[in-house]
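Protein sequences appear in the order of chains V and R. Under our numbering, the first sequence has 150 at position 140, and the numbering climbs by one with no breaks. Under our numbering, the second sequence has 412 at position 100, and the numbering climbs by one with no breaks.
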Amino acid sequence: MSLSGLLESIGEYALLMKQVLTPPDRAREFFKEFLKELYKLGVTSIWLVVLISFFIGAVIVVQLALNLNYPFLPSYTVGVVSREIILLEFSSTIMCLILSGKVGSNIASEIGTMRITEQIDALEVMGVNSANYLILPKIMAFIVFIPVLVVFSIFVGLMGGYLMCALTGNPPVATYIYGLRAFFREFFIWYSIAKSMIFGFIISSVSAYFGYTVQGGALDVGKASTDSVVINSVLILMADLVFTQLVMG
Amino acid sequence: MIEVRNLFKEFEGNLVLNDISATFHKGIVNMIIGKSGSGKTVFLKCMVGLIRPTSGEILYEGRNLLTMKTKEVKRLRREMGMLFQGSALFDSKTVLENVMFPLDMFSRMNKKERQKRAEFCLEKVNMLHAAHLYPSEISGGMMKRTAIARAIALNPKYLFCDEPNSGLDPQTSQLIDELLLNIAKEFGITLVIVTHDMNSVMNIGEHIVFLNEGVKEWEGPKEQLKDSDNEAVKKFIFASDVFKKINEAEKIGVEGKKEGTNDCSSKK
């Protein structure tokens, strides 16, 4: 993509967000759509979050137990480090990268299909602010639900580690739990949740932009869906770096 | 009445609509005809404000759509209904919810009244029996009928239809035509239909605008269409079976008359 093309896309995205971030035409309709999206984008993602978090949590404990086996490191280090990995990066950043695949492609393809089948035009002809009606409930629902997913991910990830300790005894369960409690800072949970909400906005709004601006046919919807996942991933990693430096640096 | 004056539309240097002026009369069936790629759909989308023309005027009872403020455009759009080529029903909503949607968004009726109005519209298009089905569960003709019901839900003054018969069999096409005509007459709606189907034109058309390669070549009442001396019009209408048959029938009639007069003269 050329520099002028990039700037044009950024401008288009900003104008779209200006249209999206306005009060809804009908609060009742917005709330109805919001609840639908809460289920579609949030609740249906729980199983994915649980599955991935459980196994990654378990693998983190196995790896740490095998690779931090030094006499000068206390055995509860495994618990401390796995907690920090899961809390600070995995459950927010990595989980959002994974969710950008599921939720991002879902949003881009749904809105893109509505565009090419003239459903968005139908909304416009009726006098509905189509961007606001279609995109705002998705953004709001995902931002509201993503902290729930992060908390689920943290809990299940740590439980995965617990199960590995119970099965292998390396480290013993009591040591692992001691490590989870040692040097704990509550702030890290809020940091993780705040970060995920920013990522939630990026995922939902950028995917919606790609879907809303589709031109052409089914192939273009597929391309928009793929592009949205790629751009989301890059933006999430960049935002992670900036946010971490600002808040923790 | 809708008046279009000196409308131009250019896409990246390609002139799609070239200085089009036309009038669409109140309460009758206006048709925009022409071959594929002649700019009919772009013209219609300009008229409803989905595409912004490069220059020109689109006047709804004297109010120019292109210079209106956003709020005025929104208000005007509530006076419009549109039937899209692919029906454009919302996949995630049932037939009844699709028809209720404009009422949910803009009417001040309570839920019971909104449902009653939606059911009335569905009854008009004979779709009440399928109210609980989703668009993916109904046929193309049923989708069109549902889209008509949705378009008339808010009692529009203007109804725009983009190729309402595309992809339908001749019988269903005729049904849709009759439905549109009945609705337009019953509710006094100004109907603007884009089509290249000459059966439709002959069945329900009243005022015709003919486009050819982005230029308006002819405008007038349907009855005068076949007498037009415009080459593009002649080429287009006589390519259709309907006109071929009419033409042949007229020739036979004329020859028969001639023979009849000859016989008479010889007898004399």
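The beta carbon of each residue, even a glycine, is placed where N, CA and C say it ideally should be.
### Message
Quick check on DSSP: helix, strand or coil for R/L445?
### Response
If you number the second sequence from 1, residue 445 of chain R lands on position 133. Note: R/L445 maps to coil in three-state DSSP.
### Task
Could you name the residues of chain A that V/T223 contacts, counting a contact when the two beta carbons are closer than 8 Å?
The chain labelled as chain A is not found among the protein chains of the depicted structure, namely V and R.
### Message
If you reduce the DSSP assignment to three classes, tell me which class R/R426 lands in.
### Response
Your numbering for residue 426 of chain R matches position 114 in the second sequence. Note: R/R426 maps to helix in three-state DSSP.
### Query
For V/S110 versus V/N242, is the C-beta spacing smaller than 8 Å?
The count along the first sequence starts at 1 and reaches residue 110 of chain V at position 100. The count along the first sequence starts at 1 and reaches residue 242 of chain V at position 232. Yes, they are a contact pair.
### Query
Leaving out five residues before and five after V/M124 in sequence, what residues of the same chain have Cβ atoms less than 6 Å from its Cβ?
On the first sequence, residue 124 of chain V is found 114 positions in, with the first residue counted as 1. Only residues of its own chain outside the window of five on either side were considered, and among them I130 have a CB closer than 6 Å to the CB of V/M124, listed in chain order.
#### Entry: Residues within the region 394 to 407 of chain R neighbouring chain V, beta-carbon criterion of under 9 Å
M394, F396, Q397, G398, S399, A400, L401, F402, D403, S404
### Task
To the nearest angstrom, report how far apart V/W57 and V/F220 are at their CA atoms.
Numbered from its first residue, the first sequence carries residue 57 of chain V at position 47. Numbered from its first residue, the first sequence carries residue 220 of chain V at position 210. Their Cα atoms are separated by approximately 26 Å.
### Message
Beta-carbon within less than 7 Å of V/L97's beta-carbon, same chain only, minus the 5 sequence neighbours each way: which residues are those?
### Response
Residue numbering aside, residue 97 of chain V sits at position 87 when the first sequence is read from its first letter. Within the same chain, V/L97 has close Cβ partners I164, F198, I199, S202.
### Query
Which word fits R/P482, buried or exposed, when buried means at least 16 other C-beta atoms lie within 10 angstroms of its C-beta?
As a first step, residue 482 of chain R must be located in the second sequence, where it is residue number 170. Exposed: under 16 other Cβ atoms inside 10 Å.
### Query
Using a beta-carbon distance below 8 Å, is R/M417 in contact with chain V?
Counting from 1 along the second sequence, the entry for residue 417 of chain R is found at position 105. Yes, R/M417 lies at the interface with chain V (some Cβ there is under 8 Å from its Cβ).
### Within 8 Å, strictly: CB atoms of V/A132 and V/Q29
The count along the first sequence starts at 1 and reaches residue 132 of chain V at position 122. The count along the first sequence starts at 1 and reaches residue 29 of chain V at position 19. No.
### Message
For R/L377, tell me which candidate among R/V316, R/I501, R/R462, R/D331 has the shortest Cα-Cα distance.
### Response
Here the question's residue 377 of chain R lines up with position 65 in the second sequence. The option with the nearest alpha carbon to R/L377 is R/V316.
### Query
Beta-carbon separation of R/T271 and R/K338 under 8 Å?
Missing from the structure shown is residue 271 of chain R; chain R here goes from 313 to 580 and no further.
### Task
Would you please verify whether the beta carbon of V/G114 is less than 8 Å from any beta carbon of chain R?
Locating residue 114 of chain V in the first sequence gives position 104, where the first residue counts as 1. False, the Cβ-Cβ gap to chain R never drops below 8 Å.
### Query
How is V/P84 classed by DSSP in three states: helix, strand or coil?
Stepping through the first sequence from its first residue, residue 84 of chain V is reached at position 74. The answer is coil: DSSP assigns V/P84 none of H, G, I, E or B.
### Message
Give me the chain V residues within the contact set of R/M380, using Cβ-Cβ distance strictly less than 7 Å, ordered along the chain.
### Response
Within the second sequence, the letter at position 68 stands for residue 380 of chain R. Within 7 Å Cβ-Cβ: nothing; R/M380 doesn't reach chain V, min ~12 Å.
### Query
What is the residue span of the beta strand (DSSP E) that R/A334 lies within?
Numbered from its first residue, the second sequence carries residue 334 of chain R at position 22. If you look at R/A334, you'll find it in the beta strand (DSSP E) that goes 326 to 336.
### R/P414: contacting residues in chain V (beta-carbon distance under 9 Å)
Taking the second sequence and counting its residues from 1, the one referred to as residue 414 of chain R is at position 102. Per Cβ cutoff of 9 Å: M136, G137, V138.
### Task
Kindly indicate which residue of R/I314, R/V341, R/L491 has the alpha-carbon position closest to the one of R/G453.
The sequence position of residue 453 of chain R within the second sequence is 141, counting from 1. Of the candidates R/I314, R/V341, R/L491, the one whose C-alpha sits nearest the C-alpha of R/G453 is R/L491.
### Task
Determine the burial state of R/K321: buried for a count of at least 16 other Cβ atoms within 10 Å of its Cβ, exposed for fewer.
On the second sequence, position 9 is the one that residue 321 of chain R refers to. Looking at its Cβ environment, which holds 16 or more other Cβ atoms inside 10 Å, R/K321 is buried.
### Message
8 Å is my cut-off, CB to CB: does R/R429 come that close to chain V?
### Response
For the purposes of this step, residue 429 of chain R is taken as the residue at position 117 of the second sequence. No, R/R429 lies away from the interface with chain V (no Cβ there is under 8 Å from its Cβ).
### Cutoff 8 Å: V/R125 Cβ touching any chain R Cβ
The residue labelled residue 125 of chain V in the question sits at position 115 within the first sequence. No - not a single Cβ of chain R is within 8 Å of the one on V/R125.
### Task
Give the residues of chain R in contact with V/E128, contact being defined as C-beta atoms less than 8 Å apart.
Position 118 of the first sequence, counted from the start, is the residue given in the question as residue 128 of chain V. Correct list: F396, Q397, G398, A400.
### Message
Run through chain V and tell me which residues come within less than 7 Å of R/M392, C-beta to C-beta.
### Response
Here the question's residue 392 of chain R lines up with position 80 in the second sequence. Residues of chain V passing the Cβ test: V135.
### Option in V/I108, V/Y80, V/L74 with minimal Cα separation from V/E94
Residue 94 of chain V sits at position 84 when you count from the first residue of the first sequence. Cα-wise, what sits closest to V/E94 is V/L74.
### Task
For R/C576, count neighbouring C-beta atoms within 10 Å of its own C-beta (all shown protein chains included) and say buried if the count is 16 or more, exposed if not.
Counting from 1 along the second sequence, the entry for residue 576 of chain R is found at position 264. The pLDDT assigned to R/C576 is 45, lower than 50, so where the model puts this residue is not dependable; a value taken from the coordinates is nonetheless given after this. It is exposed - the Cβ of R/C576 has fewer than 16 other Cβ atoms within 10 Å.
### Message
What does DSSP give as the partner residue(s) for V/F193 in the beta ladder?
### Response
Counting from 1 along the first sequence, the entry for residue 193 of chain V is found at position 183. Paired residues: none, contrary to the question.
### Query
When DSSP labels each residue in this structure, what does R/V513 get in the three-state scheme?
Residue numbering aside, residue 513 of chain R sits at position 201 when the second sequence is read from its first letter. Reduced to three states, the DSSP call for R/V513 is helix.
### Query
Residues bridged to R/R317 by DSSP?
As a working mapping, residue 317 of chain R is identified with position 5 in the second sequence. The partner list for R/R317 (beta bridge, DSSP) reads R/E369.
#### Entry: The beta strand (DSSP E) enclosing R/I345, as first and last residue numbers
Position 33 of the second sequence, counted from the first residue, corresponds to residue 345 of chain R. Per DSSP, R/I345 belongs to the beta strand (DSSP E) from 341 to 345.
### Task
Below 8 Å on the Cβ atoms is my guess for R/L388 versus R/Y372; work out the distance and round it to an integer in Å.
On the second sequence, position 76 is the one that residue 388 of chain R refers to. On the second sequence, position 60 is the one that residue 372 of chain R refers to. R/L388 to R/Y372, Cβ: 6 Å. Contact.
### Per-residue burial, V/T103 [other beta carbons within 10 Å of its own, 16 or more giving buried]
Numbered from its first residue, the first sequence carries residue 103 of chain V at position 93. Of the other Cβ atoms in all chains shown, 16 or more fall within 10 Å of the Cβ of V/T103; this residue is therefore buried.
#### Entry: Three CB pairs or more closer than 8 Å across the region 442 to 456 of chain R and the region 406 to 417 of chain R
yes
#### Entry: Contacts around R/V504, its chain only, beta-carbon distance under 6 Å, and the 5 residues preceding and following it disregarded
Here the question's residue 504 of chain R lines up with position 192 in the second sequence. Hits under 6 Å: F336, N342, F472.
### Task
Counting only runs of 3+ residues fully inside the region 145 to 229 of chain V, write out the beta strand (DSSP E) ranges in chain order.
none
### Query
Looking only at its own chain, which residues have a Cβ that is under 6 Å from the Cβ of R/S578, when we skip the five neighbours before and after it?
Locating residue 578 of chain R in the second sequence gives position 266, counting from the first residue. Unreliable positioning characterises R/S578 in this predicted model, as indicated by a pLDDT of 41, which lies under 50. A coordinate reading is not provided.
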